[in-house]
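Sequences listed follow chains S and P, in order.
Each residue of the first sequence is one higher than the one before, starting from 1315 at the first, in our numbering.
Each residue of the second sequence is one higher than the one before, starting from 19 at the first, in our numbering.
Read the structure below first, then the notes.
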Amino acid sequence: MVKHAGAKRGQTGSSGRGRSVGTGCGQTGSSGRGRSVIRLGAVSLRFERRGLFVMVLLVLGILAVSLASLLIGDYGISFDEVLASFMGTATDRLVAFFVMDVRLPRIVAGILVGAALGVSGALFQTLSDNPLGSPDIIGFTKGAATGALVVIVVFSGGTVALSLGAIAGGLLTAALVYGLSWHRGAPGYRLVLVGIGIGATLGAVNSLLVVKAPLGNAEMAIHWMAGSLNASTWNEVALTGAVLAVLAAVVCWQYRALGAMAYGDDSAIVLGVRAERSRLILMFTGIMLMSMAISLAGPISFVALVAPHLIKRITRTAGTALVGAALMGSLLVVSSDLVARRIFAPNELAVGVVTGSLGGIYLIALLAFEWRRRRQ
Amino acid sequence: MPCWRAVSLPAQDERTLRLAPKRASLVLCWRAVSSRVCRIAFVFLLSLCGLCLYGSIALALGGCGSAQGSAAIAVGQTRTVLDVNDQPIEAPVNPQRVVTLSEPTLDAALSLGVIPIGTTAGRGQSTPPAYLSDLAADIPLVGNVANPNYEEIARVRPDLILVDGTSINNDEVIAILEEIAPVVVCGYAGGFWQINLRITANALNRQEEAKQIEANYERHAAEVSAQLATPYENATFSIVRWQGTSASMILNELPPGRVLLDLGLKRPDNQNRNGRGHAEPVSLENLAEIDADYMFFGTLGGSSVDNPQAGGSADLEGAHAALREAVQMPGFAQLTAYQESHIILVDGSLWTSTGGPLLMNRIIDAVEEALL
């Protein structure tokens, strides 16, 4: 498969809108604007060139910001020293330590967290068929935070316990929200309303947990709640990365079902998708993704809501964009973390504060632009 | 969906669907399975696996790197000191470059005559603690309470780092700090300031000075206590921190509460207890809980983990502004202390955060000035 992915394009698609391209396999070719097809034996891949272009840009963006994050910091480490650290030949022990054990895990954590949040948001927005149906709006993030806070405040638990608490909290909240909003069939907008209500309640529970905790735990809890990558270590990153890889596999397994369900359960069933089962599996996966992300970095706001919207608007497509949402989420978190580290240096902001502001501003700008265009 | 779109039904596919539904859907399914699922699966999995692999390689490399020259910074002779958990730590015999990452350790170090080369901003403030401005204003900041900036700390090349539970409780943070210099944890949140002072003094190798400081404090408290005993025999005293629209009480276990105990001043019954190591929030419907015959009233600035640059001041000006807001709250004007004009505005950095011996002595001075 690696070879397939890297193989040169067999046929390129049309440049004109609506012109179809003949294919070597004698099957229905791809149509529509700007699409290309790769075929290799039985395996074929169709993609839109604009989409691919955007993806490449996003990956380059992530790489650029990551490189900047590796280079920029108060300790003053030059490019040569960063390179030497990667080769294991740095002379200053602390240079190697900051590059390899402080900056790098922090960057990787940002990429993982962003990708998980982006995919989770895209999944929920598709499944709930509502652009506001992202986990941070409908209370799931708050629920996962409640679970994690119980672990921090009541049990003084470590990393693994915190992840488990977040997952349990997220699942329970999802069950509660869906249970309350289910009324003769799929919930639709009721899901968002009930979710906002449950989220508000859980927000109060979270504050109460912090207030009633002893100072040591309360301080950890507040620090965690702000959403910070300040204490990301390789152990945590590796744990989260491993779980996310499994979850990514599950998403891929259910990917076709998700695409079909975007057109409604009836169409999906016609296409041979077991809609209810797939919905459950995908929701479970989405909650796990979000919970793993927030157990690593705290409840980073807005990424899950904004990343899928941004990628849709940039690529100008309407469907579910999982890979795009993942890349966009990663770019958002990694660059926000760089801003958070540097904007008030030597003081650090929490990354959640920056994602909230940046994501919010961008989304407002996009919506305002679109609204104005529609009125014309 | 950008490039691998959800199964869509473009015009041509719809036509196929009409012509031969069964075959068309099979074709659609197969295409979807063969191309999109596999492609997505592999790209995503590969990238994640790559990241993890990269991480573990980096971990291995980093591990080698740190093993090679672990004595890069530690210079000179060391001796073993115990931290608050009785863990032995190899600290320099005569630390020259000390970084304090909490208010109590900064206070204790200054009282022992050691000027740190780096410290954290006071709680809620964006400068070193305001009550120490005469001694600490010029000490460079290397982070906030609970949010140290590792690289800035390393840049000032400390040979000893002092922290305690009022600022850092996270083992991972301490593990990172230990890479930079020996770290001594000097106390718990809500613990006795004397214990914090003793451990700090031991780490700084100045045990004799610490004993002197404790004795001086006890004498100071006893003197003022004797003068307060008669005029304030039956009065009760409340300590309140007012932030925005909410009040919290300082109870017995925090430094100002301990000062009042040491001075023999009484607390109202509901405040005469130990809290949880931080100011106890009071909801507005229970505002009467903050009442007493006299009320020490202060505020901290708005700085927090969320917003380290937030304005607001912790000094008397800030307390004035906070009182103006508090009076707007229903019920505040009915409190005994307010009705009898017994609200004593105080410096919030002194009265409503935490510190060490300097803080304790300065609170006694403040009480003396306000009541005698």
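For each residue, glycine too, the CB sits at the ideal point set by N, CA and C.
- From the beta-carbon of S:Y1389, the residues of chain P found nearer than 7 Å are E169, A172 and R173.
- For P:R285, no chain S residue has a Cβ inside 9 Å of its Cβ, as the nearest lies near 20 Å away.
- Taking all protein chains in view, the Cβ of P:M378 is crowded by 16 or more other Cβ atoms within 10 Å, so the residue is classified as buried.
- As a beta-bridge residue in DSSP terms, P:Y312 pairs with P:F255.
- P:I194 carries a helical assignment under DSSP once its states are collapsed to helix, strand and coil.
- Within chain S, the residues placing a beta-carbon under 8 Å from that of P:R294 are K1526, A1527, P1528, L1529 and A1532, ordered along the chain.
- In the displayed model, S:K1456 falls within a helix according to three-state DSSP.
- The DSSP-derived three-state label of S:V1506 is helix.
- In this chain, the alpha helix (DSSP H) harbouring S:A1398 covers F1393 to M1401.
- In this structure, S:A1571 sits near S:S1592, with a CB-CB distance shorter than 8 Å.
- Within the same chain, I179 and V201 come within 6 Å of P:L195 by CB-CB distance, once the 5 residues on both sides are set aside.
- Listed as beta-bridge partners of P:A265 by DSSP are P:W260 and P:V300.
- The distance from the Cβ of S:G1428 to that of S:L1645 is about 7 Å, consistent with a contact at the 8 Å cut-off.
- Only those residues of the region 199–212 of chain P whose C-beta falls short of 9 Å from the nearest C-beta of chain S are listed: Y206, A207 and G208.
- At least 8 Å separates the beta-carbon of P:L222 from that of P:L278.
- Flagged as an interface residue toward chain P: S:L1408, by a C-beta distance shorter than 8 Å.
- Of the residues assessed, S:T1554 falls on the buried side of the cut-off, its CB having 16 or more other CB atoms within 10 angstroms.
- As a beta-bridge residue in DSSP terms, P:T96 pairs with P:P110.
- Between S:L1529 and S:D1443, the alpha-carbon positions lie close to 43 Å from each other.
- Under the Cβ criterion of 8 Å, P:E190 is counted among the residues facing chain S.
- For the C-beta of S:A1545, the chain P residues within less than 8 Å are, from N- to C-terminus, N188, E190, V191 and I194.
- Short of 6 Å from the beta carbon of S:D1651, and not among the five residues preceding or following it, lie these beta carbons of its own chain, in chain order: G1424, L1543 and V1665.
- As computed with DSSP, P:L363 is found in a beta bridge with P:F315.
- Between the region 1533–1552 of chain S and the region 300–310 of chain P, the count of C-beta pairs closer than 8 Å stays below three; the two stretches do not touch.
- In the structure shown, the three-state DSSP call for S:S1350 is strand.
- The contact set of P:N252 on chain S, defined by CB atoms closer than 7 Å, is empty, because the minimum CB distance reaches about 32 Å.
- Interface with chain S (8 Å Cβ-Cβ cutoff): P:N162 is included.
- Bounds of the alpha helix (DSSP H) holding S:T1599 are A1589 to A1611.
- DSSP lists P:T118 and P:L159 as the bridge partner or partners of P:T137.
- Taking a contact to require three or more Cβ pairs closer than 8 Å, the region 1558–1565 of chain S and the region 1613–1623 of chain S do not qualify as touching.
- Here S:V1373 carries a helix assignment [DSSP, helix/strand/coil].
- DSSP places S:I1451 in no alpha helix (DSSP H); its state is neither H nor E.
- Taking one beta carbon from each stretch, the region 273–293 of chain P and the region 355–363 of chain P have fewer than 3 pairs nearer than 8 Å; the two do not touch.
- Looking at the DSSP output, P:P166 shares a beta bridge with P:G161.
- Distance from the Cα of P:G295 is smallest, within the candidate group S:D1415, S:C1566, S:A1589 and S:E1533, for S:E1533.
- Of all C-beta pairs linking the region 1432–1451 of chain S to the region 232–250 of chain P, fewer than three are shorter than 8 Å, placing the two stretches out of contact.
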